[in-house]
Amino acid sequence: MGRNLYFRPNRLPIRTVAATNFICGDKFFPSRVSPEPLIRDELNSLLAETVTQMVASGTLPPADYPRPFVESPKQPEHGDFAVTFALASAKVAGMNPRQIGEALASALRATGRFEAVEVAGPGFVNLKVATDQFAGSLAETLASASRSVLADESHYARARAESPKRINVEFVSVNPNGPITIGSGRGAAYGSAICNLLQAAGHTVHREYYVNDGVNSEQMRQFALSVRALKLGSEFPEKGYRGDYVQAVADQLTVEGDPPTEWWQEHAQTLMLERQKRDLDAFGVTFDTWFHEQSLLDDGLVEDCLVELKAKGAADERPVRVELKMAKKGAVSDVQFVDQPQDEDDAEGSEPTLWLRSTKFGDDMDRVLRRRDGRPTYIASDVAYHADKLNRPSNADMMITVLGPDHHGYIQRLRAVVAAKHMDAAEPGGEPATGDLAPLFRDAREQAACEEATEVAKQKLLVQIFQLVRFLKDGKPAPMRKRDGNIYALSDLIDEIGSRLLPDGSPAERQAAGRDVARFFYLMRHHDTTFDFDLDLAAKQSDENPVFYVQYAHARICQLVERAKVDLPGIVPSPDSAGLGLTADLPEDLHPKERTLLLQVFDLREEVAKAAEDFAPNRIATYAIELARAYHGFYDACRVIDAENPELSRQRLGMVIATRTALQAALELLGVSAPQRM
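Take the sequence shown: its letters are residues 1199 to 1876, numbered as in the numbering used here.
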């Protein structure tokens, strides 16, 4: 995927934004379109306007300045927000950063929107926002009460990308020869969460599962033969699949005689796919499309692509494979031509091997498209599939593919697949190719066509890799396999957590509890890091369990609102309605805990935007925990229901409802429920 789009690869600390250049002379270039502005949006716009005015007035010289933005201070006592623009711009301005900070602070004080503006250290500007500046953000939040952040485009937490994309997100996509495992569970939680975030950030998202059910699949053939052996009591295949899930498939089949292997494959994978769908549905993961590889073969799309690739020189039948020997920093140290190797994707036969010349597009070796026995490989189907999936959604701008920790080698080959399809055939007769890779190309024209296609592929395809999860019990690594050698399925994990959390609960209650905890735990850490899943912590109903901690904050609010309807009749209307009829009035002097809570509530939109840009749903999990902590602190310090002070009660109930709105939205984005009672 191209990094010059709305998305950025860097992962930032919570509640900060990147400092990209925004001013050239006196021109301002906004990065994102927002709905009704919240405090952070307003302040960032105010900063940009202020710096532009400082340039126009001569206080700052014209230059390409880093974008000014507010961030949360490291020490809360320093204020609501901090601005580091002076330090970041001193070099381009040719001025002392303290001098810039003093000038910026003076200009900001003149706006009348701050209780305090102070310059600290070498040029930090600390801001304390005037209380009346909170009202608009609170009103915007209350207007979203009881609404779905995914279903309601006007929800206060929705961010709007300046250039919305149409994106196909493919995730999970395990072969239908076994249940969804606990390893794939992390990919399922991650993929569904980034879909939610991209949607909430204003993009059109299509959720897709790719079913590797091609009759050419050797893995599916071995699975079918394993089921056949168990059903008929015949000899078990050497590379067969063992486990009770294979026996369960065999037990469900009704068969007369011994049908051909194709029959066994079709029926075995159908039953396994049904189980996968049930397990994913129980995990709260759904798809817009379950796309079947076999449909590409049946429709002739794979063969059409192979013919096309041969015609434009992206594939050929020369009996050699090119292998690139890589040096440090991605440099190519050697280009080797290996005579017809025994490739693991190839097979014995009388036909010539058809090679995808993927080294022309950045891969480290060429790949087999058609085996010598005439069967196309997985990667042949991938060529057709990656061309076809740009139709979902219609005229898609890009594709995101989520893969597991053992798939790093697939990034370059999948990019080569996309590049080969987008390559334009080059007329022969150009100048000789140049550079370390010159031996790969017929001439400079073909080299240029391949390089251009590779750049297109980088724009069209992003592969996200999630890392391993280590499960712990009693503080020690837990072997997540059953004693009989079977794999540990995602459904097993949900059942175990749910049963330990709610031993007396109904099956539905245990499943819901297990799902919520599993999803939240999978999403608490960045997907690119290995993390420990503590099963003992997951089963605790205490503040130590982050899921319980967040859900309890939501349930506590719900119970408080119900009590307010009884204790403060007329202030909180019943039945519950959007915003509860509360206005955005606030006390003249906000308690520090009130101020902290409101700022946290208002930050959700920024977190959604950043999490979508960085493909990092762990930001939302962290946000939910911090919001719950802020609410618990507020509740302990500030009396909400006070019959002797109904006006203050009404004002604080508005803050409480706003908090509930933010918690509901954060949990919805993570695919976790927001219970009213616990």
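Backbone N, C-alpha and C fix where the C-beta goes; we use that ideal spot for every residue, glycine too.
Computed from a predicted model, the values in this text were never measured in an experiment.
Should F1718 and V1667 be called a contact, given that it needs their Cβ atoms to be closer than 8 Å? Not a contact, by the Cβ cut-off of 8 Å.
Report back the beta-carbon spacing between F1283 and L1241 to the nearest angstrom; my notes put them in contact at under 8 Å. Not confirmed; about 12 Å, so no contact.
In three-state terms, what does DSSP make of S1775? In this prediction, S1775 has a pLDDT of 46, which is less than 50 and means its spatial position is unreliable; nothing more can be read from the coordinates.
Backbone secondary structure at S1255 - three-state DSSP: Helix.
Cutting at 7 Å between CB atoms, please list the residues of its own chain near V1616, excluding the five before and the five after it. The answer, listed in chain order, is H1584, A1655, K1658, L1659.
Mind checking which residues open and close the beta strand (DSSP E) that includes T1632? It is not in any beta strand (DSSP E) - T1632 carries neither H nor E in the DSSP assignment.
In whole angstroms, give me the CA-to-CA distance for A1235 and R1613. In the sequence on display, residue 1235 carries Pro and not Ala. Near 39 Å, if we compare the C-alpha coordinates of R1613 and P1235.
Run of the alpha helix (DSSP H) containing R1793, from where it starts to where it stops: For R1793, the enclosing alpha helix (DSSP H) starts and ends at 1790-1800.
Across the stretch 1415-1424 and the stretch 1464-1473, are there enough close Cβ pairs to call them in contact, namely three or more that are closer than 8 Å? Flag = yes, the stretch 1415-1424 and the stretch 1464-1473 touch.
When you compare each of A1337, A1286, R1643 to G1321 by their alpha carbons, which one comes out closest? Checked all of A1337, A1286, R1643; the closest Cα to G1321 is A1286.
Can you give the Cα-Cα distance for F1369 and I1598, rounded to whole angstroms? Using only the alpha carbons, I get a separation of about 8 Å.
For the stretch 1336-1400, list the alpha helix (DSSP H) runs that are entirely contained and at least 4 residues long, ordered along the chain. Qualifying alpha helix (DSSP H) stretches, in chain order: 1380-1398.
Suppose you measure from the CA of I1755 to the CA of L1797; what does that come to, to the nearest Å? Rounded to the nearest angstrom, the two C-alpha atoms are 18 Å apart.
Give me the Cβ distance between I1855 and S1847, rounded to the nearest whole Å; I'm assuming they're in contact under 8 Å. With a Cβ gap of about 12 Å, I1855 and S1847 do not count as contacting.
Report the option in R1803, Y1263, K1808 whose CA atom is closest to the CA atom of A1860. Here the closest residue by C-alpha is R1803.
Residues near P1873 in its chain [Cβ-Cβ closer than 6 Å; skip 5 each side]: If we look at P1873 and ignore the five residues flanking it on each side, its Cβ neighbours are Q1749, A1753.
Tell me which residues share the same chain as A1782 and place their Cβ nearer than 7 Å to its Cβ, disregarding the 5 neighbours each side in the sequence. If we look at A1782 and ignore the five residues flanking it on each side, its Cβ neighbours are A1333, L1336, A1337, L1340, G1852.
Measuring CB to CB, does A1398 end up less than 8 Å from R1356? For A1398 and R1356, yes; Cβs fall inside 8 Å.
Taking 7 Å as the limit between beta carbons, can you name the residues of its chain near A1809, skipping five residues before and five after? In the same chain as A1809, and ignoring 5 residues on each side of it, the C-beta atoms closer than 7 Å to its own belong to L1395, P1815, R1817, I1818, in chain order.
Within 10 angstroms of the Cβ of R1858, are there 16 or more other Cβ atoms? Answer buried if so, exposed if not. With 16 or more Cβ atoms within 10 Å of its Cβ, R1858 is classed as buried.
If contacts are defined as beta-carbon pairs under 8 Å, then H1401 and P1362 qualify, I think. What distance do you get, rounded to the angstrom? Rounded, the Cβ-Cβ distance is 5 Å, consistent with contact.
C-alpha gap between R1364 and S1592, whole angstroms: S1592 has its alpha-carbon roughly 8 Å from the corresponding atom of R1364.
What first and last residue would you give for the beta strand (DSSP E) that runs through V1323? Start and end: 1322-1327.
When the Cα of R1590 is compared with those of L1451, I1685, V1367, which residue comes out closest? Here the closest residue by C-alpha is V1367.
Given this structure, state the Cα-to-Cα distance separating G1602 from A1525, to the nearest angstrom. Linking G1602 to A1525 through their CA atoms gives a straight-line distance of about 26 Å.
For E1521, list the residues DSSP reports as bridge partners. Beta-bridge partners of E1521 (DSSP): Q1534, M1563.
Burial state of I1709 (16 or more Cβ within 10 Å): Note that residue 1709 is Gln in the sequence shown here, rather than Ile. In this structure Q1709 is buried. Its beta-carbon is surrounded by 16 or more other beta-carbon atoms within 10 angstroms.
Alpha-carbon to alpha-carbon, L1507 and L1522: Approximately 21 Å between the Cα atoms of the pair.
Rounded to whole angstroms, what is the Cα-Cα separation between L1635 and R1519? Distance between L1635 and R1519, taken at the CA atoms: about 14 Å.
From G1498 to D1580, what distance separates their C-alpha atoms? Answer to the nearest angstrom: the Cα atoms are 13 Å apart.
Helix, strand or coil for A1318? Go by DSSP, reduced to three states. A1318 falls in the strand class under three-state DSSP.
Can the beta-carbon of L1554 be found closer than 8 Å to that of E1515? No, Cβ-Cβ distance for L1554 and E1515 is not below 8 Å.
Residue closest to Y1407, alpha-carbon to alpha-carbon, out of N1414, A1737, E1416, C1393: By alpha-carbon distance to Y1407, the top candidate from N1414, A1737, E1416, C1393 is C1393.
To the nearest angstrom, how far is it from the Cα of R1761 to the Cα of Q1849? Here the alpha carbons of Q1849 and R1761 stand approximately 16 Å from one another.
For Y1388 and F1746, the rounded distance between their alpha carbons: CA-CA distance, F1746 to Y1388, rounds to 20 Å.
Going by DSSP, which residues form a beta bridge with T1859? In the DSSP output, where bridge partners are listed per residue, T1859 has none listed.
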